[in-house]
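See structure below.
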Amino acid sequence: SCPEGYTKFRETCFKAFQTKVNFGDAVNTCAKDGGTLAMPRDPETSAFLSQFTVTSTSYWIGLHDQRKEGKFEWVDGSALGEYDFWMPEEPDDSGGNEDCVRHYPWVGMWKDRPCYDKRRFFCQVTPGT
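Start counting the sequence shown at 1; every next residue gets the next number (UniProt numbering).
Structure representation (structure tokens):
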């Protein structure tokens, strides 16, 4: 079963946190629940996450290119893979410091943004952990 406050989708539990924190603090909060920032690897998971959101705000997801600019990877170390949902002209590394990715629920798309920005976030955990 899922931890309190989490909702199961397929074989993973997800939760939208409405507290605004930077990317690193979001990673740590998810880890306290035994999980990671959410990794929406397909359109269905992305759509599922969007239903838990506050309108017109963005959420950190577990995608970044902090280790190598332009090489986006999930927080579990795996490569981005085939599915991505970048907004037009994204990722653009605007200002040279956009290494973390936010999900924009009302359009279901992603943007790279500075990791120090404070935003809401999604966590995921494996059921029964």
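A virtual CB, placed ideally from N, CA and C, is assigned to each residue, including glycine.
Values in this document were obtained by computation on a predicted structure and should not be read as measured data.
Less than 9 Å between the C-beta atoms of F14 and L63, yes or no? Position 14 of the sequence shown holds residue 14. Position 63 of the sequence shown holds residue 63. L63 sits away from F14, with the two beta carbons spaced by 9 Å or more.
Pop quiz: S46 and Y104 are said to be a contact at Cβ under 8 Å. What is the actual Cβ separation, rounded to whole angstroms? Taking the sequence shown and counting its residues from 1, one reaches residue 46 at position 46. Taking the sequence shown and counting its residues from 1, one reaches residue 104 at position 104. Beta-carbon to beta-carbon, S46 and Y104 are separated by about 10 Å, too far to satisfy the 8 Å threshold.
Could you give the DSSP three-state label for K32: helix, strand or coil? Counted from its first residue, the sequence shown places residue 32 at position 32. Looking at K32 - three-state DSSP - the assignment turns out to be helix.
Straight-line gap, F85 to D99 (C-alpha atoms, nearest Å): Walking along the sequence shown from the start, residue 85 turns up at place 85. Walking along the sequence shown from the start, residue 99 turns up at place 99. Distance between the alpha carbons of F85 and D99 is about 16 Å.
Figure out for me which residue from M109, E82 and A79 has the closest Cα to the Cα of P88. The residue you call residue 88 lines up with position 88 of the sequence shown. Of M109, E82 and A79, the residue nearest in Cα terms is M109.
Answer with buried or exposed for K71, where buried requires no fewer than 16 other C-beta atoms within 10 angstroms of its C-beta. What you label residue 71 is simply residue 71 of the sequence shown in a count that begins at 1. Burial call: exposed.
How many angstroms separate the CA atom of R119 from the CA atom of A79? Sequence index remark: in the sequence shown, residue 119 carries index 119 (1-based). Sequence index remark: in the sequence shown, residue 79 carries index 79 (1-based). Between R119 and A79, the C-alpha separation is close to 24 Å.
Suppose you measure from the CA of N97 to the CA of F23; what does that come to, to the nearest Å? As a working mapping, residue 97 is identified with position 97 in the sequence shown. As a working mapping, residue 23 is identified with position 23 in the sequence shown. If I take the Cα positions, the gap works out to 13 Å.
P43 in three-state terms, based on DSSP: As a working note, residue 43 is residue 43 in the sequence shown. Of the three classes helix, strand and coil, the one that applies to P43 here is helix, per DSSP.
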